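Take a look at the structure set out below.
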Amino acid sequence: MNVKVGFIVCGVHSEVKDVLGRPMIDVKLIEDSLNSLRKAGLDVYRVGGVLSKSWEVEKAVEECEKQNVDCVIFYVATWLWASEVWRAVHHLSIPVLIWCTPTPIGWATGGALVLHGALDEVGVKHKIVYGYPDEEETVKSIVAFTRAAAAANRLKKTTLGLIGGYSMGAVTGSVDMAQVLSKFGVKIEHVDQYELINLARAIPEGDVKKTYGELREKYGRLPELDEVMERSIRLYIALKNLISDRKYDIVAVKCFPELGDHYATACLAQSLLPDEGVVTSCIGDVNTALSAYILYLLSGKPTFNPDVQQIRRWENVVKLASDGAAPISLAEDIGRVTLKRRGLPTEGVADGICVGFVCKPGSVTMLRLCRIKGEYHMHIATGEAFIPKDVDVALAECGFPHWPHAFIKLSGDLEKFIQNQRSEYISMCYGDYERELIDLCYILDIRPLLDK
1287 MNVKVGFIVC GVHSEVKDVL GRPMIDVKLI EDSLNSLRKA GLDVYRVGGV
1337 LSKSWEVEKA VEECEKQNVD CVIFYVATWL WASEVWRAVH HLSIPVLIWC
1387 TPTPIGWATG GALVLHGALD EVGVKHKIVY GYPDEEETVK SIVAFTRAAA
1437 AANRLKKTTL GLIGGYSMGA VTGSVDMAQV LSKFGVKIEH VDQYELINLA
1487 RAIPEGDVKK TYGELREKYG RLPELDEVME RSIRLYIALK NLISDRKYDI
1537 VAVKCFPELG DHYATACLAQ SLLPDEGVVT SCIGDVNTAL SAYILYLLSG
1587 KPTFNPDVQQ IRRWENVVKL ASDGAAPISL AEDIGRVTLK RRGLPTEGVA
1637 DGICVGFVCK PGSVTMLRLC RIKGEYHMHI ATGEAFIPKD VDVALAECGF
1687 PHWPHAFIKL SGDLEKFIQN QRSEYISMCY GDYERELIDL CYILDIRPLL
1737 DK
């Protein structure tokens, strides 16, 4: 995700010297600060000059908006008059960050703190960062907030395709469409499962055989191209086409009972599409889809949406397992990935093709959006994925060793994890995005639920 920020320098002492004859503005420090942002990977649009008057700030803010920046950074270089800034900022539709360095020259610290208070007075979403540009913590804090701002902005341009409704009595995946639009800016469009089946049936046989050949070449061990395999491939192509034609950014698919009983489950489709940049969730769970999409925006990587299958207090381990779908790129060993029949007739009589593997080692972030008394909260957890010593035994414990698994050593408190987790599903991606998620919660007015 490319993050673009506006950089506006403010201060009233740009042409003034102190009694010792020193300039009250450190030009080199401004340049160093600007360069530290670019070095951190941010696309920076700099507004020229050191601004002090309201009309200058208003014009600068307009420039930033025309540049479609995700966040405006106000760099406080000297003391400033907050009253000259807050009106322009009050009308901004994107988050704001105040940055001030601890330099004593120019009395910038006081100006930054007054601006911080002034923006809170009028309810402007912002963050204040106090530190030098060569300090790792300073840059990390700025980057995290700007990435969270970018994610919030992307959500406002997102369309989610809901294919069918929610399933399995999992009411925690059912949402209020108006609330989702109001809170996240995400538009939900509903499509009947029958449309997906019709599209699948219309896929030319040649396309099915071509896709089957590509899968065999890539993964080797495949079931024969029988009716179950063929229908699974048809659903994959049909869902891919539907998403492309309707310009969906995310989809939540009700895989059964109707689809899985009368045609096939969508596990294969939902295993292949994430590696093509498409975020999906099963059983029509919109909150899973939103959770996964947020992680995707921040990480740019495929997300895994498994069940919390077992919580092992004695090891501080959470075992995750999906009943058939996972991005294959997350596998510890692609060569050992299996594609087999799902094999659970109580959840799809017509069956379907699922993938099986253990997720690779590495740091992970887990996320679950939930509602408490109608208000959104976000469960955020981090940990380390690992491969158990007796992995075959660990896979067999749940009764379905051919389904995708992940084993996570939790970095937080397991009891808090249990209390914070309000669904069978949790979304997982590789990397640590806890900072960004906490900032995103602030921007969206969502309460974070932390295990630490």
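Count the sequence shown with the working numbering and you get residues 1287 to 1738, in order. Using N, Cα and C, we set each Cβ at its ideal position, and we do this for glycine too. Bear in mind that the values here come from a model prediction, so they are computed numbers and not experimental data.
{"query": "Euclidean distance between Cα positions of A1438 and T1445", "result": "14 Å"}
{"query": "Cβ shell of Y1582 (< 6 Å), same chain only, five flanking positions each side left out", "result": "V1565, T1589"}
{"query": "Stretch pair the stretch 1483-1497 + the stretch 1509-1527: three plus CB contacts closer than 8 Å", "result": "yes"}
{"query": "DSSP beta-bridge partners of F1590", "result": "M1714"}
{"query": "Nearest-angstrom beta carbon gap, I1428 and W1365 [assumed within contact, 8 Å]", "result": "Not quite, the Cβ-Cβ distance comes to about 22 Å (not below 8 Å), so this is no contact."}
{"query": "Rounded C-alpha distance that separates S1649 from V1313", "result": "40 Å"}
{"query": "The stretch 1347-1364 contacting the stretch 1292-1299, beta-carbon criterion three pairs below 8 Å", "result": "yes"}
{"query": "Exposure label - A1607; buried when at least 16 CB within 10 Å", "result": "buried"}
{"query": "Given P1560 as reference, the closest of A1456, K1675, A1575 once Cα atoms are compared", "result": "A1575"}
{"query": "Assigned secondary structure, A1404 (DSSP; H/G/I helix, E/B strand, else coil)", "result": "helix"}
{"query": "In DSSP terms, what D1329 is bridged to", "result": "K1290"}
{"query": "V1477 (DSSP reduced to helix, strand or coil)", "result": "strand"}
{"query": "Inter-stretch contact (C-beta, 8 Å, three-pair minimum) for the stretch 1545-1558 and the stretch 1592-1600", "result": "no"}
{"query": "Straight-line Cα distance separating D1731 from D1512", "result": "50 Å"}
{"query": "Three-state secondary structure (DSSP) of F1693", "result": "strand"}
{"query": "Which listed residue (G1698, L1723, P1613) has its alpha carbon closest to that of P1690", "result": "P1613"}
{"query": "E1407 versus L1378: straight-line alpha-carbon distance, rounded", "result": "15 Å"}
{"query": "Where W1393 sits in the DSSP three-state scheme", "result": "helix"}
{"query": "Span of the alpha helix (DSSP H), counted from its first residue to its last, around A1468", "result": "Sequence inspection shows Ser at residue 1468; the Ala mentioned does not correspond to that position. Here the alpha helix (DSSP H) through S1468 covers 1463-1470."}
{"query": "Residues of its chain near I1824, where Cβ-Cβ distance is below 6 Å and the 5 sequence neighbours each way are ignored", "result": "As displayed, the chain neither begins before 1287 nor continues past 1738, which places residue 1824 out of reach and without an answer."}
{"query": "T1389 to S1338 span [Cα, whole Å]", "result": "19 Å"}
{"query": "Residues of its chain near D1718, where Cβ-Cβ distance is below 7 Å and the 5 sequence neighbours each way are ignored", "result": "S1649, T1651, T1668"}
{"query": "Spatial neighbours of R1742 in its chain, beta-carbon cut-off 8 Å, leaving aside the 5 residues before and after", "result": "Residue 1742 is absent from the model: the chain starts at 1287 and stops at 1738."}
{"query": "Simplified DSSP state of M1454, which is helix, strand or coil", "result": "coil"}
{"query": "Those runs of the beta strand (DSSP E) which lie wholly inside the stretch 1483-1529 and span at least 3 residues", "result": "none"}
{"query": "T1458 to I1673 span [Cα, whole Å]", "result": "30 Å"}
{"query": "Boundaries of the beta strand (DSSP E) in which Y1416 is found, first to last residue", "result": "1412-1416"}
{"query": "Unbroken beta strand (DSSP E) run spanning R1654, endpoints", "result": "1648-1658"}
{"query": "Nearest-angstrom Cα separation, counted from H1548 out to R1657", "result": "33 Å"}
{"query": "Touch test, the stretch 1704-1711 against the stretch 1637-1647, Cβ-Cβ under 8 Å, three pairs minimum", "result": "no"}
{"query": "One or two residues paired with F1542 in a DSSP bridge", "result": "Per DSSP, none; premise fails for F1542."}
{"query": "Integer-rounded CB distance, given that L1696 should sit under 8 Å from V1604", "result": "6 Å"}
{"query": "Euclidean distance between Cα positions of Y1331 and N1354", "result": "10 Å"}
{"query": "First through last residue of the beta strand (DSSP E) which encompasses E1670", "result": "1661-1672"}
{"query": "Of the listed residues A1404, L1328, R1721, nearest to E1423 (C-alpha basis)", "result": "R1721"}
{"query": "Spatially closest choice to G1409 from P1419, Y1662, W1372, A1398, by CA coordinates", "result": "W1372"}
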